[in-house]
Structure formats: C-alpha cells, structure tokens
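Visitor:
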Amino acid sequence: MPQLRFMLASEGEYQFRDGRRLPTPEVCMLGPTMGATRFSVRGEVDVLGISVLPLGWLALGCESADRWVDRLYDMAAVHGPRYRDMLLHLRSCSVLDDEIEGLWAFLGEQLGPVPQAMLDLVCKIDQWLSENDSPQIEAIT
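If you're matching positions, the sequence shown starts at 12 in our numbering and goes up one per residue.
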C-alpha cells in the first residue's frame, strides 16, 4: 500500500526487493510495493506516515500507480512546495498530535476530483472482496 511519509528527523534510504536503493526525499510518496522493502536510517528517526488508498492516490494527483511499483518520489518536487512547507510546520511543532487535524485539513485541500468510473470500479472491487473469504477473479463482473 502506498504511503506518504514526512521525514521529521533523520534521513535514510529504501532497499526494494530487486536490490535497488533509493534515498528518501524529505516528503516521500512511496508507491505500492510487491515485496519486503527495507528502510535504513542514519541517526534517530521520526517519520509521520499516512497510508494512501487507491482513491486517495488518484485524488492527490499521483500518476498511474503501476508506474510507481517499488519506487518512490519527492512530493514537494512533483506536487509543489506546499508539501515542504507542511513538513517544516510539522517539524516546528512541540506536540505533533496537536497538529494532525491541520495535516488532515492540508491533505484535504490537495485532493482533486476522481472520475465517477473510478469510484464505481473501486466500489465494485470492495464489494467483491467483502463477499467471500476467498474471492475468485472470475466472480467480478
């Protein structure tokens, strides 16, 4: 599952299942992974991570998820400096828990519309997954 990660302290790198190593940006969008992904850090680490579901991925304006399997990118470089501004704000907070509502509001402001066809597809897949303990691909129509 993709994650949006704010590096509040430290820096590090990800090692993907194929052995590739990529440094983590300060505001990192980690795409979907197909295997164990290691995260190595230097020093004491403080990371705020948010899981991103498929509709959230689309609404945040991310490219097709299949292009980001076992990859990551810098949210501030791709989607604008407001992500870095939010990171700097989060770093300056003495009590991070008090800032979560502000973070949700910020993310809400970044969301764009999602096509109705995609909403319908995700609803259909959710229903298919919840109907059976062992859903069969042939059953989704």
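A virtual CB, placed ideally from N, CA and C, is assigned to each residue, including glycine.
Treat the numbers as computed from the prediction; the structure is a model and nothing was measured.
In this structure, does DSSP put GLN127 in helix, strand or coil?
Guide: The sequence position of residue 127 within the sequence shown is 116, counting from 1. Of the three classes helix, strand and coil, the one that applies to GLN127 here is helix, per DSSP.
Visitor: Between GLU142 and ALA128, what straight-line distance do the alpha-carbon atoms span, to the nearest angstrom?
Guide: For the purposes of this step, residue 142 is identified with residue 131 of the sequence shown, where counting begins at 1. For the purposes of this step, residue 128 is identified with residue 117 of the sequence shown, where counting begins at 1. Each residue's Cα considered, the two are about 21 Å apart.
Visitor: DSSP puts SER51 in a beta bridge; with which residues?
Guide: Stepping through the sequence shown from its first residue, residue 51 is reached at position 40. GLU24.
Visitor: I believe VAL58 touches ARG16 by the beta-carbon criterion, under 8 Å. Please report the beta-carbon distance rounded to the nearest angstrom.
Guide: Within the sequence shown, residue 58 is the residue found at index 47, counting from 1. Within the sequence shown, residue 16 is the residue found at index 5, counting from 1. Contact flag correct, Cβ pair sits at about 5 Å.
Visitor: Considering LEU122, what are the terminal residues of the beta strand (DSSP E) in which it resides?
Guide: Counting from one through the sequence shown, the residue named residue 122 turns up at place 111. From DSSP, LEU122 is part of no beta strand (DSSP E); its letter is neither H nor E.
Visitor: Report the CB separation of LEU64 from GLN121 in whole angstroms; it is logged as a contact under 8 Å.
Guide: Position 53 of the sequence shown, counted from the start, is the residue given in the question as residue 64. Position 110 of the sequence shown, counted from the start, is the residue given in the question as residue 121. So it is not a contact: roughly 15 Å between Cβ atoms.
Visitor: Taking the alpha-carbon of GLU74 as reference, which of GLY123, TRP139, SER145 and ILE136 has the nearest alpha-carbon?
Guide: For the purposes of this step, residue 74 is identified with residue 63 of the sequence shown, where counting begins at 1. For GLU74, the nearest C-alpha among the options comes from GLY123.
Visitor: Determine the extent of the alpha helix (DSSP H) in which ASP96 is found, giving its start and end residues.
Guide: The residue you call residue 96 lines up with position 85 of the sequence shown. 93 to 103 is the span of the alpha helix (DSSP H), which, as asked, contains ASP96.
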